[in-house]
Each structure stands twice: as structure tokens, then as C-alpha cells.
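Position 60, counted from 1, in the sequence shown is what this note's numbering calls 59; the numbers after and before it change by one each time, with no gaps. Cβ coordinates follow ideal geometry from the N, Cα and C atoms, glycine included. Just so you know, these numbers come straight off a predicted model, no measurement behind them. What follows is one structure encoded as C-alpha cells, with my remarks underneath.
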Amino acid sequence: KFGGYACMQVISGREKTGGYSLPVAVITGELVPAGEGSSQTLSLYEIESVFHETGHSMHMILTESPYGILSGANVAWDFCETPSQALEEWAYDPGVLESISSHYITGEKIPAELAEKAIAARYAGIGLLYCTQLAYSLQDMYYHTSELPVDTTAIWYDVYGETIGLSLPEGIYPCLLYT
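So this is what it looks like as C-alpha cells:
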């Protein structure tokens, strides 16, 4: 079994004698099984994953490369994720959520307030994620540019408070996570 979602290029797009070989891509995903007596539904995470993998598939099937080795997602890694990450943003657009979401029995559309809360929760989590990544980067820079000896715990407390805006309780030693 395969866990999660993936997009795979089955046939690469490329020039060949007499024309162009059209690319073929397939998206696979392992859905969470429906509960007893209920219909199959997708979580917001699964919807985001479908949009993400659709971005990869579009990248693969819209290619016009003369060589199969250069077609589709056979590009620099940072650009490989660009179409998929752009498309996954659509899963959090209120209009898109409203158009693809409905109650599986009544057909009632997702309430705007619920969609707004789901979107806000996602962005709150993303903000914390990026602030934490910034804290790790600053921590690393301070470790390598400070005069010896380096008090790693003091640096982490300072950086965390500066970037996250919260104070860590005394007695937490996140530096030990890297051993």
C-alpha cells in the first residue's frame, strides 16, 4: 500500500519522428475509508493534496519539451513544486471551497463562517511554522558567529522570544533535540 498522495509521469512528453508523444500522468491517493453507514468524504487536507497533485499533473501533461528527460517535472527541485503549491492554494479560496463542498446527505453548502475558520486556522499554523523556521535559522547563525563559549540555551530563549513573541518556560532545553 502507498500512504498519501502522489503524481507520477507515466509517459514523458517529447518530440518524436512524425509528431509529439503526448505526456500521461496519474494521480494516486489513499483515501481515509468512510465510516459505517456514511458516504466517502474528503478532509480539507485531502482536498489540498488533490489540488497539489493536480498541479504536478498539469506541469507534466502541459509540457512541450523536445526531450523526455526534460519534460514535465524534470526541472530544478524548487520549480518542481511551484505549480503544485500554487494550485493547492485554491483549496483555501472561499469561492472554491463553496463550489466543491456540500453536506453528503442534505447537499447544503459549507457555511461561509466554517470555511473562514478553516482558512484562518491554516494561516495561523503557517505563520507559526515560518516564525519557527526563522528562529532555527537565527539560532544557527548566532551559534556560528558568537564568541566562544556559546550558551546555546540562552541563545535559543532569546531567539525564540524575539521571533515567536512568546516566552518559553524555564527548564526547557530544545538544543538537546539536535543530539
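Using the Cα positions of residue i and residue j, report the straight-line distance between them to the nearest angstrom.
i      : j      : result
Ala119 : Gly12  : 39 Å
Pro22  : His51  : 19 Å
Trp76  : Pro110 : 38 Å
Ser48  : Tyr4   : 7 Å
Tyr159 : Glu169 : 13 Å
Thr178 : Thr151 : Because the pLDDT of Thr178 is 44, which lies under 50, any placement of that residue in the model is unreliable, and the number read from its coordinates should be weighed accordingly. Going by the C-alpha atoms only, they are around 13 Å apart.
Leu86  : Glu146 : 46 Å
Thr62  : Gly71  : 5 Å
Ser98  : Ile104 : 16 Å
Determine the closest residue to residue i out of the options, with distance taken between C-alpha atoms.
i      : options               : result
Gly18  : Tyr66, Asp139, Ala134 : Tyr66
Glu115 : Leu43, Ala5, Ser38    : Leu43
Ile163 : Gln138, His143, Ser70 : Gln138
Ser64  : Cys130, Lys15, Thr131 : Lys15
For residue i, is the classification buried or exposed, using 16 other Cβ atoms within 10 angstroms of its Cβ as the cut-off for buried?
i      : result
Ile171 : exposed
Leu96  : buried
Gln8   : buried
Ala153 : exposed
Would you list the one or two residues that DSSP bridges to residue i?
i      : result
Arg13  : Ser20
Ser202 : Here the chain comprises residues numbered 0 to 178, so residue 202 is not present and cannot be evaluated.
Thr27  : Ala5
By Cβ distance, which residues of its chain are closer than 7 Å to residue i, with the 5 residues on each side in sequence left out?
i      : result
Arg121 : Tyr91
Between which residues of its own chain and residue i is the CB-CB distance below 8 Å, once the five residues before and five after are set aside?
i     : result
Pro82 : Gly54, His55, Met57, His58
Leu41 : Leu30, Val49
Hey, is residue i's beta-carbon within less than 8 Å of any beta-carbon in chain C?
i      : result
Gly124 : No chain C appears in this structure, which consists of one protein chain only.
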